[in-house]
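When the count follows the numbering used here, it moves up by one through the sequence shown with no breaks and lands on 1196 for the last residue.
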Amino acid sequence: MVIEGIIPALLTPFDSSGRIDEAMLRRLVRYQIDAGATGFFVCGSAGEGVYMSPDERRRVVSLVSSESAGQAAVIAHVGAMSTQEAALLAREARDAGAHAVASMPPLVFKQPWPAIIEHIRAIAEASELPTYYYHIPVISHVDVTVDQIAEMADRVPGLVGLKFTSPDLYLLWGVLDRPKRKLETLYGCDQQLVQGLMTGARGGIGSTYNYQMENVVALHRAYQQGNLAEAMKWQGAVNRVIDVLMKHGANRGTEKAMMTLRGYDVGPPRRPTPPFPAENLDALRRDMELVGLV
């Protein structure tokens, strides 16, 4: 299965008691599919996976898989502090219906590259699913070279590609060009999706897709039709939404408030992330109106 197109890094809805809001999660999945999503990236940084228990993560994968019902691919992020836990999450994601798994390097403590390769290999072997290395140095603090990715591709047969969340397009080009075994890449920098596609990415994964699917789908459609000027026009629309996010604090609390103002009450983020200040909601709504979101 080739996973490509527009893939929201799905927000996880929580109710007022902090439990997963299963009804809202299903509604959110349905909205994204109807808007043009071709897949879902679940339990990643946008989905607050690291703040959830293994049982909760498995449940989210199961709910998204059942609601999408073959209409969209499901990539489960299984990153964890230990290889043992990540491998367990990978097996459970497979059993819950995921089509692929992904993981950033082991969390918290930076490990040498050979240990990271073994971590990813254990995940791939445990899941028996296509596996993506999640390159997000702003969170993992792990920078990579093309040679290192080529080494991982050689040593991890289950590795099919990367979720590449870095503005370094030269590195992206090298990753796509040099390894002996071709790797698929899904680009994770929403603010320059067109450039990622031009470099060779098969699609995009982004948190801001949640509340601006219409913009992102229009961008991707224009790009696929070869209309670069139109695609760049939509990239501008995407970036104006990102400007609103940055103005009001680029964190999960703000993103969840933006989703709620679009009519999908996804609740507060998990602590320690603070909720969006209630006294700032009117200002956020006004700025969202200016960019056509509400």
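Where is the CB? At the ideal position from N, CA and C, for every residue including glycine.
Beta carbon of residue i nearer than 8 Å to that of residue j
{"i": "residue 1039", "j": "residue 1068", "result": "yes"}
{"i": "residue 991", "j": "residue 1034", "result": "no"}
{"i": "residue 1026", "j": "residue 1009", "result": "no"}
{"i": "residue 1000", "j": "residue 977", "result": "yes"}
{"i": "residue 1130", "j": "residue 1106", "result": "no"}
{"i": "residue 1007", "j": "residue 1044", "result": "yes"}
{"i": "residue 905", "j": "residue 938", "result": "no"}
{"i": "residue 935", "j": "residue 974", "result": "yes"}
{"i": "residue 993", "j": "residue 1029", "result": "yes"}
{"i": "residue 1166", "j": "residue 953", "result": "no"}
{"i": "residue 1031", "j": "residue 1055", "result": "no"}
{"i": "residue 1197", "j": "residue 1108", "result": "Residue 1197 falls outside the range modelled here, since the chain spans only 903 to 1196, and no answer is possible."}
{"i": "residue 916", "j": "residue 1172", "result": "yes"}
Per DSSP, the bridge partner or partners of residue i
{"i": "residue 976", "result": "942"}
{"i": "residue 1036", "result": "1065"}
{"i": "residue 899", "result": "No statement about residue 899 is possible, as the shown extent of the chain runs from 903 to 1196 and does not include it."}
{"i": "residue 1026", "result": "Paired residue(s): none; residue 1026 is not in a bridge."}
{"i": "residue 1005", "result": "1035"}
{"i": "residue 1011", "result": "According to DSSP, residue 1011 bridges with nothing at all."}
{"i": "residue 1018", "result": "Per DSSP, none; premise fails for residue 1018."}
{"i": "residue 922", "result": "916"}
CB contact check: residue i to chain B, cutoff 8 Å
{"i": "residue 1004", "result": "Among the protein chains of the structure shown there is no chain B, as only one such chain exists."}
Same chain only: Cβ atoms within 7 Å of residue i, ignoring 5 sequence neighbours per side
{"i": "residue 998", "result": "960, 963, 964 and 967"}
{"i": "residue 1096", "result": "1121, 1125, 1133, 1134 and 1137"}
{"i": "residue 896", "result": "What the structure shows of the chain is the stretch from 903 to 1196, and residue 896 is not part of that stretch, so it cannot be assessed."}
{"i": "residue 1143", "result": "1110, 1114, 1117, 1193 and 1195"}
{"i": "residue 1175", "result": "1153, 1154 and 1155"}
{"i": "residue 1046", "result": "1037"}
{"i": "residue 1119", "result": "908, 937 and 938"}
{"i": "residue 1141", "result": "1093"}
Own chain, CB closer than 6 Å to residue i, minus 5 neighbours either side, in chain order
{"i": "residue 1192", "result": "none"}
{"i": "residue 1202", "result": "For residue 1202 there is no data in the structure shown, the boundaries of the chain being 903 and 1196."}
{"i": "residue 951", "result": "945, 959 and 979"}
{"i": "residue 1076", "result": "1048"}
{"i": "residue 1139", "result": "1117"}
{"i": "residue 930", "result": "1166"}
{"i": "residue 1050", "result": "1015"}
Residue i burial status per 10 Å Cβ neighbour count (16 or more: buried)
{"i": "residue 1082", "result": "exposed"}
{"i": "residue 1148", "result": "exposed"}
{"i": "residue 1178", "result": "buried"}
{"i": "residue 996", "result": "buried"}
{"i": "residue 1059", "result": "exposed"}
{"i": "residue 1011", "result": "exposed"}
{"i": "residue 1079", "result": "exposed"}
{"i": "residue 1023", "result": "buried"}
{"i": "residue 1190", "result": "buried"}
{"i": "residue 941", "result": "buried"}
{"i": "residue 903", "result": "exposed"}
{"i": "residue 1036", "result": "buried"}
{"i": "residue 1181", "result": "exposed"}
{"i": "residue 1042", "result": "buried"}
{"i": "residue 957", "result": "exposed"}
{"i": "residue 988", "result": "buried"}
{"i": "residue 1017", "result": "exposed"}
Neighbourhood of residue i by C-beta distance below 8 Å, restricted to the same chain and skipping five residues each side
{"i": "residue 1053", "result": "1015 and 1019"}
{"i": "residue 1074", "result": "1066, 1068, 1087, 1089, 1098, 1101, 1102 and 1103"}
{"i": "residue 1183", "result": "1159 and 1163"}
{"i": "residue 928", "result": "965 and 969"}
{"i": "residue 1186", "result": "1146, 1150, 1156, 1159, 1160, 1163 and 1178"}
Distance cut-off 7 Å: residue i Cβ against heavy atoms of the ligand PLP
{"i": "residue 921", "result": "Absence of the ligand PLP from the depicted structure is noted, as is the absence of any ligand whatsoever, leaving it without description."}
* Within the segment 1059–1087, note down every full alpha helix (DSSP H) run reaching 4 residues or more, in order along the chain. => 1071–1079
* To do: Return the chain-ordered ranges of every alpha helix (DSSP H) run that is complete within the segment 1090–1115 and spans a minimum of 4 residues.
  => 1095–1101
* Write down every uninterrupted run of the alpha helix (DSSP H) in the segment 1133–1186 whose length is 4 residues or greater and which is fully enclosed by it, in chain order. => 1154–1163
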